[in-house]
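Below: the structure, in structure tokens.
Residue numbers (our numbering), protein chains in the order written: chain P, 358 to 621; chain D, 43 to 221.
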């Protein structure tokens, strides 16, 4: 009972419930945006929700039918663990989205370190904020904090979680938000001084652009060092491991095989 | 491209060099067991893309597990196989809508900091999408990055939602300033 037929395949109600739960959460997010009188473009939110719903649909499909749905031996493998984990993760991501957008609404209500704007406090690009937040060049503090956080996560992950932090071997996802933020702060404060062309002549000042390239290059150094560390502790898979141990047939095996190869 | 690669080859780790060489010489030694051993991952992905056709095999009717790492790196191949060209094109259009909104938001910013932040976030998002889809289509070398919002990922999903949140927040700010 409660089965749905879609493209010739019988889906049980249990496989549709995660999609419905996520759809309800997405509707709630849209409702929140409406309530707070969001004035920006809704296109990214709509695209985000549609992509997440499609991603969840694929995860349900891959969890229910590890092989082809027409094969009689198909069984629901890891449905409860995998799919509900992703439902919760997607809902948590939507909460993150709402919180980040809401930070811009808290400009007058919650004054964070006397500036009120979290993103700008991190980089201090605005003249009005400079006196309140302790002067310029705060992007360096943000940058140092980013490098410290990434380094700390690498060490923590390698110590406690078998070299992984939320499925990331090297948790450089933190840097994806914070490094552009600090670089934006640097460019905002210094872009007037960093004109490559002055009096129709190309003038690239190393004293001006040097810190920028240094900041942009440090993550590469940090991540490559991280890889060296993990390779030394034999936690990093190499190209040869991939070619020798992975084969199309072996991926019919269960999840344990996959993780045993990945964590080689 | 060969010349460029031989210049930078000593600087990159061995497995990156192997992936790059695999991409450049993809059809070398085809058809042979050696070729299959080297390139089965991309070859299976290309087979899946071809098998999908215009409308796809149908959800649940394809064989996505033939492609290694179909949950994470090659989720685009699974979409193309089961939902076809139409489905994969829809995914690209959804990503394009986010990118175009990001670019438009950046150019509507009144303050330089907002412009830099939104530009950086949009470029980062776009690069990862292009690199992943390009890798699945064998237009670019395989890099191992996930497809944002679709692939099996944990931290990456939260990060990309945060990036889109920043774009939306600045878009809201632009909207308020234009009132």
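Every residue gets a Cβ at the ideal spot worked out from N, C-alpha and C, and that includes glycine.
Query                                                                                                                                                                                           : Result
If we cut at 8 Å on Cβ distances, does residue 409 of chain P have a partner in chain D?                                                                                                        : yes
What's the call for residue 383 of chain P, buried or exposed, on a 16-neighbour Cβ count within 10 Å?                                                                                          : buried
Residue 111 of chain D to residue 211 of chain D, Cα distance in whole Å?                                                                                                                       : 34 Å
Count the other CB atoms within 10 Å of the CB of residue 394 of chain P; is the residue buried (16 or more) or exposed (fewer)?                                                                : exposed
Along the alpha helix (DSSP H) that carries residue 139 of chain D, what are the first and last residues, could you check?                                                                      : 117-150
Since I believe residue 118 of chain D is in contact with residue 174 of chain D (beta carbons under 8 Å), could you give me their beta-carbon distance rounded to a whole number of angstroms? : 7 Å
Establish whether the CB of residue 440 of chain P and some CB of chain D are separated by less than 8 Å.                                                                                       : no
Against chain D, with Cβ distances strictly below 8 Å, would residue 458 of chain P count as a contact?                                                                                         : yes
State the start and end residues of the unbroken alpha helix (DSSP H) segment that holds residue 170 of chain D.                                                                                : 154-178
Between residue 534 of chain P and the ligand SAH, is the CB less than 7 Å from at least one heavy atom?                                                                                        : The ligand SAH is absent from the structure shown, which contains no ligands of any kind.
Under 8 Å, do residue 178 of chain D and residue 161 of chain D count as touching if we go by C-beta distance?                                                                                  : no
Could you work out which residues of chain D lie near residue 376 of chain P, taking near to mean beta carbons separated by less than 8 Å?                                                      : Ordered by position in chain D, no residue passes the 8 Å Cβ test against residue 376 of chain P, which lies about 12 Å from the chain.
Using the Cα positions of residue 88 of chain D and residue 180 of chain D, report the straight-line distance between them to the nearest angstrom.                                             : 8 Å
Smallest Cα separation from residue 194 of chain D: which of P:442, P:389, P:376?                                                                                                               : P:442
Could you say if the segment 88-105 of chain D and the segment 134-141 of chain D meet the contact criterion of at least three C-beta pairs nearer than 8 Å?                                    : no
Taking the alpha carbon of residue 386 of chain P as the reference point, which residue from P:541, P:543, P:447 has its own alpha carbon closest?                                              : P:447
Which residues in the same chain as residue 412 of chain P place their Cβ atom closer than 8 Å to its Cβ, once the five residues preceding and following it in sequence are excluded?           : 443, 447
Could you check what DSSP says for residue 61 of chain D in three-state terms: helix, strand or coil?                                                                                           : helix
Find the residues of chain P that neighbour residue 223 of chain D, judging by a C-beta separation of less than 9 Å, and give them in chain order.                                              : Past the boundaries of the shown model lies residue 223 of chain D; chain D is included only from 43 to 221, so the question cannot be answered.
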